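The opening residue of the sequence shown carries number 1 in the numbering used here; numbering runs sequentially from there. The beta-carbon is built from N, C-alpha and C at its ideal position, and this holds for glycine as well. Just so we're clear, the structure is a prediction, and the values are computed from it rather than from any experiment. Worksheet: the structure to be examined is printed underneath.
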Amino acid sequence: IRNFFVPSAQLRSREEIRSELGLTNNEFLIVHISNVRPLKRIDLLLQSFAAAQSSRPLRLLILAGSSFEPYEPFLDQLDLRGRVTVKEQVRDVEEYLNAADAGLYTSESESFGLSILETLFHAKPVVAFRVGGIPEVVVDGENGFLFPFGETEGVTRALERLADSAELARAMGERGQQRARALFSADRIVPAYEELYRRTLARPG
């Protein structure tokens, strides 16, 4: 049985959050949500982002569930100060998703990818490596772009494509939201869990 996600009904506006982050309307905001453990490969995330070039200014927002301190040196090595914003232990993750334009995930292993599902529920296309359960959520070329693990050049080019085409990013995001709602909503998944519980309880002994 799949995981599911229930979006929050009350969110601050996209404009309010972007203003808080010091973003202009023209800046393309890429978001990453994780506990920033080693398997999330934040090094590859930052390398992929640092290499991306677009006609629009690119910004990266990392919502970290634990300390980002081990990765601070990368910001200096890749000259990313001023382009990357890190927020730790954020409770209102969905509000920041509402303000983003795309999601970026570079894990070397992922059982399912609940953060990716959250990103899709908020109509944002996802760029990620094709590992673990991610292909179950992200369909390459439909609601995002998938690449073999470690192919950072492909990830960079995908970010550039999305940033350079607001229409492409919007269309992929909408398809992602439709897929997320159709396959991973509580209305669809909860009855399957209920049926599983009924069968388990009905077993003799």
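For residue 32, count neighbouring Cβ atoms within 10 angstroms of its own Cβ and tell me buried if that reaches 16, exposed if not. Numbered from 1 along the sequence shown, position 32 holds the residue referred to as residue 32. Looking at its Cβ environment, which holds 16 or more other Cβ atoms inside 10 Å, residue 32 is buried.
Nearest-angstrom Cα separation, counted from residue 133 out to residue 27: The residue labelled residue 27 in the question sits at position 27 within the sequence shown. The residue labelled residue 133 in the question sits at position 133 within the sequence shown. In a straight line, the C-alpha of residue 27 is about 31 angstroms away from that of residue 133.
Nonlocal neighbours in the same chain, by C-beta distance under 8 angstroms from residue 71, ignoring five residues either side: Along the sequence shown, one-based indexing puts residue 71 at 71. Result list for residue 71: 36, 42, 43 and 46, in chain order.
Just to confirm my understanding: we take residue 30, look at its own chain, exclude 5 residues before and 5 after, and list those with CB closer than 6 angstroms. What are they? Within the sequence shown, numbered from 1, the residue matching residue 30 stands at position 30. 60, 102 and 104, listed in sequence order.
Outcome for residue 82 when other beta-carbon atoms lying within 10 angstroms are tallied against a minimum of 16: The count along the sequence shown starts at 1 and reaches residue 82 at position 82. Exposed.
Inspect the beta-carbon positions of residue 142 and residue 52 and report whether they are closer than 8 angstroms. To locate residue 142, count along the sequence shown from 1; it is residue 142. To locate residue 52, count along the sequence shown from 1; it is residue 52. When the beta-carbon positions are compared, residue 142 and residue 52 stay at least 8 angstroms from each other.
Straight-line CA distance for residue 189 to residue 94? Along the sequence shown, one-based indexing puts residue 189 at 189. Along the sequence shown, one-based indexing puts residue 94 at 94. With a pLDDT of only 49 at residue 189, under the threshold of 50, the placement of this residue in the model should not be trusted, and no figure is reported.
In the DSSP assignment, find the unbroken alpha helix (DSSP H) run with residue 51 in it and report its ends. Locating residue 51 in the sequence shown gives position 51, where the first residue counts as 1. Looking at the DSSP string, the run of the alpha helix (DSSP H) that includes residue 51 is 42-51.
According to DSSP, is residue 23 part of a helix, a strand, or is it coil? What you label residue 23 is simply residue 23 of the sequence shown in a count that begins at 1. Note: residue 23 maps to coil in three-state DSSP.
Apart from the five residues on each side of it in sequence, which residues of its chain come closer than 7 angstroms, Cβ to Cβ, to residue 138? Here the question's residue 138 lines up with position 138 in the sequence shown. Shown here for residue 138: same chain residues with a beta carbon closer than 7 angstroms to its own, the five before and five after excluded, namely 116, 126, 128, 144 and 146 in chain order.
Quick one, are the C-beta atoms of residue 84 and residue 64 less than 8 angstroms apart? Translated into positions along the sequence shown, residue 84 becomes position 84. Translated into positions along the sequence shown, residue 64 becomes position 64. No, the pair does not count as a contact, with Cβ atoms beyond the cut-off.
Going by Cα to Cα distance, which pick from 21, 183, 55 and 179 is closest to residue 97? Here residue 97 is taken as the residue at index 97 of the sequence shown, counted from 1. The residue from 21, 183, 55 and 179 with its alpha-carbon nearest to that of residue 97 is 21.
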